[in-house]
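Student: Here it is: the structure, laid out below.
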Amino acid sequence: MVSHTSSFPLPRVSTPWFRESQDRRSIAVSWLRGFPRPAINAVLVAAGYYLGTRIGFALTPQPQPIATFWPPNAVLLAAFLLAPRRTWGIILLAVFPAHLLIQLPAGIPLVTACGWFVSNSAEALLGAACIRRFKEPGELFEDVPGVLIFLAFGVVLAPLASSFVDAAVVVTTGFGNGYWKLWTARLFSNMLAELTIAPTIVVLVLSGRSWVRHLARSRIIEATLLAVGIVAVSDLVFGIANAAIPALMFSPLPLLLWIVVRFGAGGLYPSLLAVSTISIWHATRGRDPFILAPMPESILGMQIFLCTIALPMMLLAAVLAERKAVEQTLRESRGRLIDAQEQERRRIARELHDDLGQQLIILELELDQLRHQAGEQLKPSLDKLYHQASETSATARTLSHRLHSSHLDFLGLVPAVRNLCDAVAHETSIEVSFAEESVPATIDPQISLCIYRVTQEALQNVIRHSHAHKATVQLHGGREGISLHIADDGIGIAAEREHAVALGLASMRERISLAGGSFKLITQSMRGTRIEATIPLKSTKS
Numbered sequence: 002m003v004s005h006t007s008s009f010p011l012p013r014v015s016t017p018w019f020r021e022s023q024d025r026r027s028i029a030v031s032w033l034r035g036f037p038r039p040a041i042n043a044v045l046v047a048a049g050y051y052l053g054t055r056i057g058f059a060l061t062p063q064p065q066p067i068a069t070f071w072p073p074n075a076v077l078l079a080a081f082l083l084a085p086r087r088t089w090g091i092i093l094l095a096v097f098p099a100h101l102l103i104q105l106p107a108g109i110p111l112v113t114a115c116g117w118f119v120s121n122s123a124e125a126l127l128g129a130a131c132i133r134r135f136k137e138p139g140e141l142f143e144d145v146p147g148v149l150i151f152l153a154f155g156v157v158l159a160p161l162a163s164s165f166v167d168a169a170v171v172v173t174t175g176f177g178n179g180y181w182k183l184w185t186a187r188l189f190s191n192m193l194a195e196l197t198i199a200p201t202i203v204v205l206v207l208s209g210r211s212w213v214r215h216l217a218r219s220r221i222i223e224a225t226l227l228a229v230g231i232v233a234v235s236d237l238v239f240g241i242a243n244a245a246i247p248a249l250m251f252s253p254l255p256l257l258l259w260i261v262v263r264f265g266a267g268g269l270y271p272s273l274l275a276v277s278t279i280s281i282w283h284a285t286r287g288r289d290p291f292i293l294a295p296m297p298e299s300i301l302g303m304q305i306f307l308c309t310i311a312l313p314m315m316l317l318a319a320v321l322a323e324r325k326a327v328e329q330t331l332r333e334s335r336g337r338l339i340d341a342q343e344q345e346r347r348r349i350a351r352e353l354h355d356d357l358g359q360q361l362i363i364l365e366l367e368l369d370q371l372r373h374q375a376g377e378q379l380k381p382s383l384d385k386l387y388h389q390a391s392e393t394s395a396t397a398r399t400l401s402h403r404l405h406s407s408h409l410d411f412l413g414l415v416p417a418v419r420n421l422c423d424a425v426a427h428e429t430s431i432e433v434s435f436a437e438e439s440v441p442a443t444i445d446p447q448i449s450l451c452i453y454r455v456t457q458e459a460l461q462n463v464i465r466h467s468h469a470h471k472a473t474v475q476l477h478g479g480r481e482g483i484s485l486h487i488a489d490d491g492i493g494i495a496a497e498r499e500h501a502v503a504l505g506l507a508s509m510r511e512r513i514s515l516a517g518g519s520f521k522l523i524t525q526s527m528r529g530t531r532i533e534a535t536i537p538l539k540s541t542k543s
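This is the structure we're talking about:
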């Protein structure tokens, strides 16, 4: 949240009217906080129900008594899916006055209005109870079974059952005639609303804020352009009263596919709602591709068309969400595997240093003492044993350091990588140069370990496979994170030799991917290999 006072500080105002306005504001806030949360939520649902009814009346062509698109029931269903069961009664008590407040002034008889409230409430209650019997709302649109449960109970069963009651109320109270025509009109108007409005509310309430907060600026621009595009295309296509080119109705489909692939359920359901509202609005005013058909048949055709478009899009969004969840699970599993590997490295390194290393040092000291006390005849053999023990001790220390670098823990990333380059240059005939620029002194330990391991693996590939004479390691800190460049002048990685380095490259890619970075390998035969990796920095305390 951005504070206005920090960017443009206001002077202190001590005038009476200012103090009075502040007092009124604090009283209002305290008054609102005095209400229990369920009551506030119930009032919000009632307001949404009222607004949805107004929209439904606006989309009711005269003299038809049934709306072509009926949002209030979808608002109630979404509220029951999100609210605890113990508060459902409070929601109904708050919604009933709002229902009468808009129905009676519109000329609806009291008996008809009460009958409609019963059918509306029964539809939402039946759908929500059945859905929550099998699936929690937070998981409803995250997989195919959840979407199928919502479609079966919320979109089909509940509207199908309540439409019998609704049509009977209209005919019995004399507000309309033609039972089955009313039943059909009411069924599809509610199905379309449940299909588009309820998922939009549930998804946005549960995940909307975090979803928007984690979007990058480029994604926000992309989402804005797609939103403008879907509204403009829908208004242009469905606003043309032209039956000669019915294929124009499919014009929003490419944009919907783009939205569902790029933004998932959070982008799909508001887009479906926008397309449905715009198309139904134009259909009720005689502007749609079914212009040659009578108004009821034309609207019914539009409703069926929109349901047909929405169903595969919802299933596609669920499939993509499932795939994303599987990828996330696999990524977390790989991360746990790498963590377990690092812990095992630390354990082995500690045992090599503290146990085997100490024993080798004691052995080295005792052999040194013994060779000085022994006679000339045994001295050459003891000297040889002493040097072998010294080499074994040095090898154990080197192996311990490779398994887990103490420099990384105590000195930081830059000294550890510099020490690694010096060690490679000392142990081999390869000239290794190191350079760094603007690398922060304090870096998240996981990121430091990732960069160190990638550098270590890359230099091992240079030693084993490149036949290089020179290698360079560069670290650069910037706004996007830390960039790592490793290059050599070796023979490159030919196609027939890829299997030899495949495991090391896979390990490097996996580590960079888990850290949220990018990895790029550039290689040419006889012209060396270059590795470029960028890892975003996490915020750490200095």
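Heads up: the sequence shown runs through residues 2 to 543, numbered per this note's numbering. No residue lacks a Cβ here, since even glycine has one placed at the ideal position from N, Cα and C.
#1: What residue from Ile-41, Leu-83, Gln-104 and Ile-221 has the CA that sits closest to Gly-57's CA?
#2: How would you label Asn-178, buried or exposed, when you count the other beta carbons within 10 angstroms and need 16 or more for buried?
#3: Beta strand (DSSP E) containing Ser-334: first to last residue?
#4: Could you give the residue range of the alpha helix (DSSP H) that holds Lys-385?
#5: Which two residues bound the contiguous beta strand (DSSP E) that contains Glu-533?
#6: Ordered along the chain, which non-local residues of its own chain (more than five positions away) have a Cβ less than 7 Å from that of Ala-1?
#7: Does Ser-439 come out as helix, strand or coil in the three-state DSSP assignment?
#8: Among residues of its own chain, excluding the 5 on either side of Pro-160, which ones have a beta-carbon nearer than 7 Å to its beta-carbon?
#9: Looking only at its chain, what residues have a beta carbon closer than 6 Å to the beta carbon of Gly-240, apart from the 5 residues adjacent to it on each side?
#10: Between which two residues does the beta strand (DSSP E) harbouring Phe-520 extend?
#11: Please state whether DSSP places Lys-182 in a helix, a strand or coil.
#12: Excluding sequence positions up to five away, which residues of its chain have a Cβ less than 7 Å from the Cβ of Leu-93?
#13: Under 8 Å, with one C-beta from each stretch per pair, do the stretch 125 to 145 and the stretch 73 to 80 reach the 3-pair mark?
#14: Contact between the stretch 388 to 405 and the stretch 349 to 358 is defined here as three or more beta-carbon pairs at a separation below 8 Å; is this criterion met?
#15: Look at the Cβ atom of Gly-478, then the Cβ atom of Val-440, and state whether they are nearer than 7 Å.
#16: Exposed or buried, Glu-365, counting other C-beta atoms within 10 Å across all chains shown (16 or more means buried)?
#17: With which residues is Ile-363 paired in a DSSP beta bridge?
#18: Would you list the residues sitting across from Ile-483 in a DSSP beta bridge?
#19: Can you give me the Cβ contacts of Ile-202 inside the same chain, cut-off strictly under 6 Å, excluding the 5 residues immediately before and after it?
#20: Can you find the residues in the same chain that come closer than 6 Å, C-beta to C-beta, to Ser-407, ignoring five residues on each side of it along the sequence?
#21: Kindly identify the DSSP beta-bridge partner or partners of Val-433.
#22: Is the beta carbon of Ala-319 less than 7 Å from the beta carbon of Val-156?
#23: Beta-carbon separation of Arg-335 and Glu-511 under 7 Å?
#24: Going by DSSP, what residue range makes up the alpha helix (DSSP H) through Val-145?
#25: Since Ala-488 sits in a beta bridge, which residues does DSSP pair it with?
#26: Cβ of Val-544 within 7 Å of Cβ of Gly-267?
#27: Using a 10 Å radius around the Cβ and a threshold of 16 neighbouring Cβ atoms, would you call Arg-214 buried or exposed?
#28: Can you tell me the Cα-Cα spacing of Thr-118 and Tyr-270, whole angstroms?
#29: Can you name, in chain order, every residue of its own chain whose Cβ lies under 7 Å from the Cβ of Ser-391, other than the five neighbours on each side?
#30: Please return the same chain residues whose Cβ sits closer than 8 Å to the Cβ of Ile-305, not counting the five positions on each side in sequence.
#31: Hey, how far is the Cα of Thr-113 from the Cα of Leu-82?
#32: With 16 other CB atoms within 10 Å as the buried threshold, where does Phe-264 fall?
#33: Under a Cβ-count criterion, where at least 16 other Cβ atoms within 10 Å of its own Cβ denotes burial, should Trp-32 be classed as buried or exposed?
#34: CA-CA distance, Ile-221 and Glu-428?
#35: Quick one: measure Cβ to Cβ for Ala-95 and Ala-43, integer angstroms, because I've assumed they're closer than 8 Å.
#36: Excluding sequence positions up to five away, which residues of its chain have a Cβ less than 7 Å from the Cβ of Met-314?
Tutor: Considering the structure as presented:
#1: Gln-104
#2: exposed
#3: It is not in any beta strand (DSSP E) - Ser-334 instead sits in the alpha helix (DSSP H) that spans 296 to 352.
#4: 380 to 404
#5: Unbroken beta strand (DSSP E) run through Glu-533: 530 to 536.
#6: The chain is shown from 2 up to 543; residue 1 falls before or after that span and cannot be answered.
#7: coil
#8: Excluding the 5 residues flanking it on each side, Pro-160 has same chain C-beta neighbours closer than 7 Å at Glu-124, Leu-188, Asn-191, Met-192 and Glu-195, in chain order.
#9: His-283 and Arg-288
#10: 519 to 524
#11: helix
#12: Ser-122
#13: yes
#14: yes
#15: yes
#16: So Glu-365 counts as buried.
#17: Per DSSP, none; premise fails for Ile-363.
#18: Per the DSSP secondary-structure output, Ile-483 pairs in a beta bridge with Gly-478 and Ile-536.
#19: So the list reads Ala-79, once near-sequence residues are dropped.
#20: none
#21: BP columns for Val-433 point to Ala-472.
#22: no
#23: yes
#24: 145 to 150
#25: Thr-473 and Arg-531
#26: Only positions 2 to 543 of the chain appear in this structure, which leaves residue 544 out of reach.
#27: exposed
#28: It is worth fixing the name first, because residue 118 is Phe in this sequence and not Thr. About 26 Å.
#29: Glu-365
#30: Phe-189
#31: 27 Å
#32: buried
#33: Because Trp-32 sits at a pLDDT of 37, beneath the cut-off of 50, its placement in the model cannot be relied upon, and the following sentence gives the value as read from the coordinates. Taking all protein chains shown into account, Trp-32 has fewer than 16 neighbouring C-beta atoms within 10 Å of its C-beta and is therefore exposed.
#34: As the crow flies, the alpha-carbon of Ile-221 is around 51 Å from that of Glu-428.
#35: Sure, about 4 Å apart at Cβ, within 8 Å.
#36: Leu-257, Val-261, Leu-269 and Leu-273
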